[in-house]
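Q:
Chains as they are written, first to last, in the numbering used here: chain A, 1 to 109; chain B, 1 to 934.
Here you go:
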């Protein structure tokens, strides 16, 4: 299972990196979103994979998944949304000021 | 001591800048008040220092690392505090009349207070590193003040040069301090001053001394680093009077005095310090005579006097150190008053060129008398303060001469400097106030406003008082300050006007007579100097060097940060990947660790396949943007399923709701962007694919390496303490709102800032949406289909109820402020989407800022509340309650905090989405029915 998980993280990273290197704003935003998925999954994995052991304390439970990476990733997801929104807004602003949707001052070829 | 520095450095500058909004003179009043308040705060400590105590104040910060705020006030500090605050106050008064109505008073006084605070920090520091930080701050403040008239290129160049030279010196000083601290075993001055023996015997003594002296010489404008000071005269004259004669340039000699017990007494010290001092003394004195600019003359004279003080410390006897301290006091008083007088003349004549301003005695006799007395003090005329310290200096030079081969050269050189000092002082008097009539001035000079002269008068009275009654006026202060320098027994000395027919007396006489003769016979000398001055000076050479440095730095910058963003991203990626690869190769560990892996199952394989398909399809179809966006949403959903699978219900809920708002956001944005991209082939596709593949493989290997190893976690603490300490069973939520509540407070602040930033960027943006989609279909006139509208209205109360439920149960079961906030935001955004902005805005509050404010205030107030009960910030408490119908219920104060989180998330999300949505309404022109029929 760990192999599959690692493959997923790697694939998301690869797709994200490729899109981030494009010359227009929209794919870059998509790419950044994909990379943030990968990073969140990676950080989450620091606690190890443990199915069916949610860190909700109960009388019968003895073993729980690591709650700390979960707490960190939770805020990371929300902040990630804020950053996506910010980058998107930058893209719109650039579009309004430069008249094209390239990531640079000059229009993409 | 901390209070005084905080007042001037942190409170003062914004305060006066703000006060200036209500009338420019308020800034001056405010700056004066801040200075007086700082003096008041320091008053008890100053009295203690006057009684001979050394006072320390330590504010613990990172004590384990030896990093504490540590202040020290002894005699030497006392003297400098008096100079900084006393002359500072006079300069504030003077500048109020000096600045014209075109100059921003708020900015000026803010910079001035900034400098004052930094300078106080330098002289009050016990810790060397802390001293250095304040030292650099004085350089920065000086840069801001020199370039105060930003429109003038000489001001900008002068400021840049001053910063480059003093900044480079500061860097050397840092190196010197680090060596010194290592030698002494501590960065505390008390320890350093007490371990002079071992420091001087250390093998690294010479490099350390050279580095520290580089810092001292650049700051105090010693040859060959003196050339920045004349060019800093582009600053407003109050700045020159304050920084570049009385205080900042004295920071260098202050450091010589401060470290005198630790560093002095070796041949290296005598030759380096004494040599630099002597050369500077001579060069400054000679060049000063030939300056035509009033301030230029004063600047070179300052350089020369700083050389004199440095030379005294270089001679190294206790008595010479006393004379050095005495001259610091005297030079500060007469030179500050001379600069102010020069400023008055400049102010009233519109020129500072001594070839044009002549014969001013008739026009401003009062100012003339003040300037004449101050110049006489500068020349070392008896009955004035300059005479006393200069005679002590001559006596020390004669004393030191007996120790040297060809020793008579030292008194001879010193007397020569004295001759030139008399000559340039005489020029300042004669050339300006007599010597014919003013030439070509565009106004008739007259006396300045009454209060502009008051600071000059006070300083001149001080010159006279010290000169005539030294033992009453200055001796107590001098003894305290000198004992602060020596940190040991005081040599015996007497401050008297008449010491008999000593060699020093004769040197004074020769200097006076020789100086007057030199001035009378000056004409041929000026011609020689004019021919010499045509050759490029040190300033010009340094300027060219700096320009070349800038060009070179620009080239490096262009090389490393190409103008195209993809290239920039590529460099970052390549750098990160190289680092990771090097690390992995060096570690040389097995890829797979010892942990037993989970068995692969069908569900896992299917999930991974779906994820892979969706992600790859996103990349393949990214040019068809709407499709790509849909696929991206699918990836997000699978990610949230992965969270479900591996025991993270909170994450799954968050990911799910964030996915919804993200997709709505991107859809809104896509409206203003091209819907499709042309299939132009980029030449970089293969390269980018390769990089992406490498990055992906690297991440996969790293993830696998981590997952296959047993890790150690600190989470045991959280699991054990969640119930007894936090009163919640949902450990993730307890961590968020209780254990790591401070982090969460920071994170919601970031969220709020991002939302406000987006709101700010929306201001004034003009975008045109498309009239039709890519297939040429125009907008449907039925914007808000009744079915969707009705359903969404029906769903709203239900959705809000669910979000409340999620919020309330968050402490015990999956949920909490973040998730509930997102659900509420989604429910409300749905109203906008289904019913239109106009309909919804009529029914919902338009302004979301207050939601964010309320949430942040609530979260902060909850944290502050625990302070009331004498617990640290954000301590949480909880109580078991029995509610009718609901049953047992735990109420934790952290839930209030969570409510704050909830409000911020709702406010920020709505602020972002609704305002981007509002742009639509402005650009959106749907077909009307009439058009449809056509």
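Built from N, CA and C at the ideal position, the CB exists for glycine as well. On a predicted model such as this, the values are computed, not experimentally measured, just so you know.
1) Where DSSP assigns a beta bridge to residue 293/B, which residues make up the other side?
2) Could you pull out every unbroken alpha helix (DSSP H) segment of at least 4 residues lying fully inside the region 330-417 of chain B, listed in chain order?
3) With 8 Å set as the bound, which would you pick, yes or no: does the beta-carbon of residue 564/B sit closer than that to a beta-carbon of chain A?
4) Measuring alpha carbon to alpha carbon, tell me which of 754/B, 862/B, 813/B and 863/B ends up nearest residue 911/B.
5) Are the Cβ atoms of residue 137/B and residue 69/B separated by less than 8 Å?
6) With a Cβ-Cβ cutoff of 8 Å, do residue 292/B and residue 355/B count as a contact?
7) Please report the straight-line C-alpha distance between residue 793/B and residue 831/B, rounded to a whole angstrom.
8) So, residue 738/B versus residue 894/B, is the Cβ gap smaller than 8 Å?
9) DSSP has residue 56/A in a bridge; who is on the other side?
10) List the residues of chain A that residue 655/B touches, going by C-beta distances under 7 Å, in chain order.
11) Any Cβ of chain B within less than 8 Å of the Cβ of residue 116/A?
12) Below 8 Å on the Cβ atoms is my guess for residue 635/B versus residue 609/B; work out the distance and round it to an integer in Å.
13) Which residue's Cα is closest to the Cα of residue 212/B: 174/B, 46/B and 241/B?
14) Does any C-beta atom of chain A lie closer than 8 Å to the C-beta of residue 616/B?
15) Taking the C-alpha atoms as reference points, what is the distance between residue 78/B and residue 264/B?
16) What is the residue span of the alpha helix (DSSP H) that residue 18/B lies within?
17) Excluding sequence positions up to five away, which residues of its chain have a Cβ less than 8 Å from the Cβ of residue 939/B?
18) What would DSSP say about residue 439/B, mapped onto helix, strand or coil?
19) At the level of alpha carbons, what is the spacing between residue 706/B and residue 597/B?
20) When you compare the CB positions of residue 401/B and residue 408/B, do they come within less than 8 Å of one another, or not?
21) For residue 514/B, which of 476/B, 453/B, 420/B and 473/B has the nearest alpha-carbon?
22) Among residues of its own chain, excluding the 5 on either side of residue 853/B, which ones have a beta-carbon nearer than 7 Å to its beta-carbon?
23) Quick one: Cα of residue 523/B to Cα of residue 164/B, how far?
24) Should residue 84/A be flagged as near chain B, meaning a C-beta pair shorter than 8 Å?
25) Name, please, each residue of chain A whose Cβ falls closer than 8 Å to the Cβ of residue 611/B.
26) Only counting the same chain, and skipping five residues up and downstream in sequence, which positions put a Cβ closer than 6 Å to that of residue 1/A?
27) Using the C-alpha atoms, what's the distance from residue 683/B back to residue 83/A?
28) Within 8 Å of any Cβ in chain B, is that where the Cβ of residue 147/A sits?
29) My assumption, with CB atoms under 8 Å, is that residue 86/B sits in contact with residue 481/B. Please give the rounded CB distance.
30) Buried or exposed: residue 40/B, going by 16 or more other Cβ atoms within 10 Å of its Cβ?
31) Does the region 10-28 of chain B come within contact of the region 86-99 of chain A, defined as at least 3 CB pairs closer than 8 Å?
32) From the DSSP output, read off the bridge partner residues of residue 879/B.
33) Quick one: using the 10 Å Cβ neighbour count with 16 as the cut-off for buried, is residue 271/B buried or exposed?
34) On a CA-only basis, which of 280/B, 298/B and 279/B is nearest residue 288/B? Give me that one, please.
35) Which partner residues does residue 676/B have in the DSSP bridge list?
36) Residue 637/B versus chain A: which residues are under 8 Å apart at the beta carbon?
A: With the given structure in hand:
1) Beta-bridge pairing links residue 293/B to 353/B.
2) You should have 365-379 and 385-401.
3) Nearest CB-CB separation between residue 564/B and chain A: below the 8 Å threshold.
4) Closest by alpha carbon: 754/B.
5) In this structure, residue 137/B sits away from residue 69/B, with a CB-CB distance that is not shorter than 8 Å.
6) Result yes, Cβ atoms of residue 292/B and residue 355/B sit closer than 8 Å.
7) C-alpha separation (whole angstroms): 7 Å.
8) Pairing residue 738/B with residue 894/B gives a Cβ-Cβ distance under 8 Å.
9) Residue pairing from DSSP places residue 56/A in a beta bridge opposite 730/B.
10) Within 7 Å Cβ-Cβ: 77.
11) Residue coverage of chain A in this structure runs from 1 to 109, which leaves residue 116/A outside it and unanswerable.
12) Not confirmed; about 13 Å, so no contact.
13) It is 174/B whose Cα lies nearest to the Cα of residue 212/B.
14) By the rule that beta-carbons nearer than 8 Å mark a contact, residue 616/B touches chain A.
15) Those two C-alpha atoms are separated by around 22 Å.
16) Looking at the DSSP string, the run of the alpha helix (DSSP H) that includes residue 18/B is 12-19.
17) Lying before the first or after the last residue shown, residue 939/B is absent from chain B, which here runs from 1 to 934.
18) Here residue 439/B sits in coil by DSSP.
19) Straight-line Cα distance between these residues: approximately 12 Å.
20) If you check the CB distance, residue 401/B and residue 408/B come in under 8 Å.
21) Selected option, being the one with the closest Cα: 420/B.
22) Excluding positions up to five away in sequence, the list is empty.
23) Straight-line Cα distance between these residues: approximately 37 Å.
24) Chain B contact via Cβ: present.
25) Within 8 Å Cβ-Cβ: 8, 11 and 12.
26) Excluding positions up to five away in sequence, the list is empty.
27) So the two alpha carbons sit approximately 30 Å from each other.
28) Chain A is shown only over 1 to 109; residue 147/A falls outside these bounds and no answer can be derived.
29) Incorrect: roughly 14 Å between the Cβ atoms, too far for contact.
30) Exposed: under 16 other Cβ atoms inside 10 Å.
31) No, they do not touch.
32) Answer is 891/B.
33) So residue 271/B counts as exposed.
34) Sorting 280/B, 298/B and 279/B by C-alpha distance to the C-alpha of residue 288/B places 298/B at the top.
35) Per the DSSP secondary-structure output, residue 676/B pairs in a beta bridge with 624/B.
36) The premise fails here: residue 637/B is roughly 11 Å from chain A at the closest Cβ pair, so nothing lies under 8 Å.
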